[in-house]
Amino acid sequence: MTKTKGKQIHLGVLLYGCGHHQAAWLMPDSSVERIGDISYYQSLAQLAERGYFDAVFFADNQSFPGKDASNMPAFWFDPIVNLTAISQVTNHVGLVSTISSTFSNPFTASRQLLSLDHITKGRVGWNLVTSMTDFEALNHSMEGLPSHDKRYEKADEFAALMNKLFLSWDSNDFLHDREEGKLINPSNIQPINHDGTYFKVHGPSTTPKSPQGKPVSMQAGASKQGIALAAKYADAVYSVSWNLKQAKKFRKRLDEQVKQSENSNRHIKVFPGLVTYVGHTKEEALAKKAALDEQLPIETALKQLSFFTQQDCFNWEIDKEVPQLPPVEEFTGPVGRYETILEIINDTQPTVRELLGYLNAGGGHHTLIGTPEEIVDQMEVWMEAGVADGFNLMPPTLPGSLEDFVELIVPELQKRGIFRKKYEGHTFREHLGLTY
38 MTKTKGKQIH
48 LGVLLYGCGH
58 HQAAWLMPDS
68 SVERIGDISY
78 YQSLAQLAER
88 GYFDAVFFAD
98 NQSFPGKDAS
108 NMPAFWFDPI
118 VNLTAISQVT
128 NHVGLVSTIS
138 STFSNPFTAS
148 RQLLSLDHIT
158 KGRVGWNLVT
168 SMTDFEALNH
178 SMEGLPSHDK
188 RYEKADEFAA
198 LMNKLFLSWD
208 SNDFLHDREE
218 GKLINPSNIQ
228 PINHDGTYFK
238 VHGPSTTPKS
248 PQGKPVSMQA
258 GASKQGIALA
268 AKYADAVYSV
278 SWNLKQAKKF
288 RKRLDEQVKQ
298 SENSNRHIKV
308 FPGLVTYVGH
318 TKEEALAKKA
328 ALDEQLPIET
338 ALKQLSFFTQ
348 QDCFNWEIDK
358 EVPQLPPVEE
368 FTGPVGRYET
378 ILEIINDTQP
388 TVRELLGYLN
398 AGGGHHTLIG
408 TPEEIVDQME
418 VWMEAGVADG
428 FNLMPPTLPG
438 SLEDFVELIV
448 PELQKRGIFR
458 KKYEGHTFRE
468 HLGLTY
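Numbering (this note's numbering), first residue to last: 38 to 473.
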C-alpha cells in the first residue's frame with residue numbers, strides 16, 4: 038500500500054491481566070503469577086514506551102464477586118495508583134485511568150488526576166464511564182445501578198463539573214513572592230459554586246491547572262446518550278468495531294452529534310479496539326491464535342457471552358446457530374458490545390462455538406491476523422476511510438502479543454511514514470495533537 042502522506046496514526050494499549058484472550062492465563066509462558074506485582078505493569082508500560090505508544094490505558098471494575106474458579110482478579114490495583122507507580126519508570130507515554138461518574142466524587146477524582154498530571158508534567162488522560170454492573174453498585178451504598186438514562190444524566194453533570202475543577206485556578210497564581218510577602222494571587226482563585234442535581238461543590242480545587250491545560254478527556258459509550266456525552270466533552274473516544282461497516286457507522290453517528298453541539302467543527306479522535314496476531318508468515322500468526330483458542334474454557338466464554346447479551350447462554354446448543362437475539366433498540370445492557378455481536382452474527386451466521394471464537398479475545402473488536410505488512414495494510418484502510426485516528430491495542434497475551442506488536446508492526450508503521458520514530462513532545466495532548 039502507498040505511503041499515507043501527512044497522517045500519523047496514534048496507538049494506545051489497554052493493559053488487562055495477562056492478556057485479553059480468555060485462555061491467556063492457561064498458556065505455559067503466561068504472566069498470571071504477576072497479576073499482583075506492580076513491576077509487571079511498569080514493565081508493560083516501559084515496553085509500550087519503547088514502541089512510542091501514545092498511551093497506556095486501564096479499564097476498571099469496582100467489584101470482584103469471586104464466585105467461581107475462573108474469575109480473573111485483573112483489577113487488583115486502583116488504576117490511578119497503578120499509573121502513579123508507572124509514571125515513575127516512564128518518561129513520555131500517556132497514562133489513562135478509567136473514572137466512573139456513577140460512583141466517584143468529582144472533587145476527589147479531579148484532584149487525583151490533576152495531582153498525577155503535575156507529577157508527570159502533563160501525561161494524564163481519563164476515561165469517563167457510567168459503570169455496568171449491580172455488583173459494583175453494591176459496593177457504593179446502592180441496591181443496584183441507576184437506570185441508563187439517569188447514569189448518563191449524572192455523567193453529563195459530572196463531566197461539566199470536572200472541567201470546572203480542572204481549570205479552577207492557574208499555577209501562575211502561586212506567586213511565592215518573598216519581597217512582597219505574597220504567596221498567592223487570591224483575586225484569581227475563586228470558588229466555582231457548582232450547585233447541580235447530583236453534586237454541590239464550592240471549590241476551587243486544591244490543585245492548580247494541569248501543565249497540559251487539563252487532562253485529556255476520553256469516553257467509551259456507544260449508546261445514543263454515550264455519543265451525545267462524547268460530543269460535548271471528549272477529546273477522543275474508544276470504540277468497538279468488528280468491521281469497517283460498523284466503524285463507518287460509529288464515525289457517522291459521532292460526527293452528526295458533534296454538528297449539533299456548541300463546538301460543531303471540532304474533530305473527536307476515534308480509537309477502535311484492535312486485536313492482533315502477527316507472525317513472519319500468515320501461518321505463524323494463525324498458529325498463535327489456534328494455540329490460544331484450543332485452551333479456551335467454553336464455560337468461561339459462555340459466561341462472558343451471557344453478560345454481553347444479558348441472557349443465559351448456557352442452554353444454547355454449542356454447535357448450532359446462535360438463537361435469534363432481540364434488536365438493539367430493546368437492549369438495556371452495554372450497547373456497543375451488543376451491537377458488535379449482532380454484526381458478527383449478521384456477517385458470519387456462526388454456530389455458538391464459532392461466535393465464542395470471535396469473541397474470546399477482546400470481545401469482538403477488530404481482529405487482524407497475518408504478517409506485519411498485511412496488518413498495517415488494513416490499519417491504513419481504516420485510517421484512510423476516516424474511521425480511525427488510531428487504535429487501542431488489546432493484546433491477546435501479555436507481554437507476548439505486545440512485544441510482537443512493538444517488534445514487528447511498529448517498524449512497518451514507521452517504514453511507511455505513518456508513525457513516530459521518537460516522541461516529539463512531552464504531554465499527552467502533544468502526542469495526540471490536541472489543544473484544550
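Every residue, glycine too, gets a C-beta built ideally from N, C-alpha and C.
If you're wondering where the values come from, they're calculated on a predicted model, not measured in any experiment.
Are R288 and G423 touching if we call contact CB-CB under 8 Å?
R288 places its beta carbon less than 8 Å from that of G423.
Can you check whether the CB of Q294 is closer than 8 Å to the CB of E380?
Result no, Cβ atoms of E380 and Q294 do not sit closer than 8 Å.
Contact set for A338: own chain, Cβ-Cβ below 8 Å, skip 5 residues either direction:
Q59, L393, L396, N397
L393 (DSSP reduced to helix, strand or coil):
helix
Around the C-beta of T244, are 16 or more other C-beta atoms found within 10 angstroms, so that it is buried, or is it exposed?
buried
Cutoff 6 Å; reference T472; Cβ partners in own chain excluding five residues on either side
Excluding five sequence positions before and after T472, none of the CB atoms of its chain fall closer than 6 Å to its own CB.
In the structure shown, what three-state DSSP assignment does L175 receive?
coil
Segment contact, 8 Å Cβ cut-off, at least three pairs: the region 422-438 with the region 64-74
With contact defined as three or more Cβ pairs closer than 8 Å, the region 422-438 and the region 64-74 are in contact.
Contact defined as beta carbons within less than 8 Å: I believe T388 pairs with K357. What is the distance between those atoms, to the nearest angstrom?
6 Å
According to DSSP, is A122 helix, strand or coil?
helix
DSSP state of E336, grouped into three classes?
helix
Flag this pair as yes or no: are the beta carbons of Y275 and F308 separated by less than 8 Å?
Less than 8 Å divides the Cβ of Y275 from the Cβ of F308.
Secondary structure at D259, three-state DSSP: helix, strand or coil?
Contrary to the premise, residue 259 reads as Ala rather than Asp in this sequence. Coil at A259, not helix or strand.
For chain B, is any of its Cβ atoms less than 8 Å away from the one on K306?
Among the chains of the structure shown, chain B does not appear; only one protein chain is present.
Inspect the beta-carbon positions of L151 and F203 and report whether they are closer than 8 Å.
yes
Leaving out the 5 sequence neighbours to the left and right, which residues in its chain are closer than 7 Å to K44 when beta-carbon positions are compared?
M420, I455
So, with DSSP's three-state summary, where would you put S343?
helix
Can you tell me the Cβ-Cβ gap for F90 and L52, rounded? I've got them flagged as a contact below 8 Å.
That belief does not hold up - the Cβ atoms of F90 and L52 are roughly 11 Å apart, past 8 Å.
With distance defined between alpha-carbon atoms, name the residue in R374, S205, A265 nearest to N477.
Nothing about residue 477 can be reported from this structure: the residues present for the chain run from 38 to 473 only.
DSSP state of Y275 mapped onto helix, strand, coil:
strand
N-terminal and C-terminal residue of the beta strand (DSSP E) that F211 is part of:
211-214
Spatial neighbours of L120 within its chain, please: CB distance less than 6 Å, with the 5 preceding and 5 following residues excluded, ordered by chain position.
L132, S134
At a cut of 8 Å, does the region 121-130 reach the region 205-218 through at least three beta carbon pairs?
no
The region 84-99 / the region 157-171 touching (three or more Cβ pairs under 8 Å):
yes
Figure out for me which residue from V118, L469, F428, G73 has the closest Cα to the Cα of L311.
F428
Counting pairs of Cβ atoms below 8 Å between the region 455-469 and the region 331-351, do you hit three or more?
no
Suppose contacts are defined by Cβ-Cβ distances below 8 Å. Is L249 in contact with G159 by that definition?
According to the sequence displayed, residue 249 carries Gln and not Leu. Result yes, Cβ atoms of Q249 and G159 sit closer than 8 Å.
Can you tell me which of E367, E411, E354, M416 puts its alpha carbon nearest to the alpha carbon of R390?
E354
Taking the Cβ atom as the reference point for each residue, do S147 and S242 lie within a distance shorter than 8 Å?
yes
From the DSSP secondary-structure annotation, give me the bridge partner or partners of P309.
Bridge partners of P309: S276.
Three CB pairs or more closer than 8 Å across the region 249-263 and the region 170-177:
Touching, no, given that fewer than three Cβ pairs across the two stretches are closer than 8 Å.
Less than 8 Å separating the beta-carbons of V130 and E194?
no
Separation of E331 from H57, as counted between CA atoms
Here the alpha carbons of E331 and H57 stand approximately 15 Å from one another.
In chain order, what residues of the same chain have a beta carbon less than 6 Å from the beta carbon of G316, not counting five sequence neighbours either side?
A322
For G470, collect the residues of the same chain with a Cβ closer than 6 Å to its Cβ; drop the 5 residues on either side in sequence, then sort them by chain order.
none
Assuming the contact rule is C-beta atoms closer than 8 Å, M109 and G73 should be a hit. Round their C-beta distance to whole Å, please.
The beta-carbon separation of M109 and G73, rounded to 12 Å, does not stay under the 8 Å limit for a contact.
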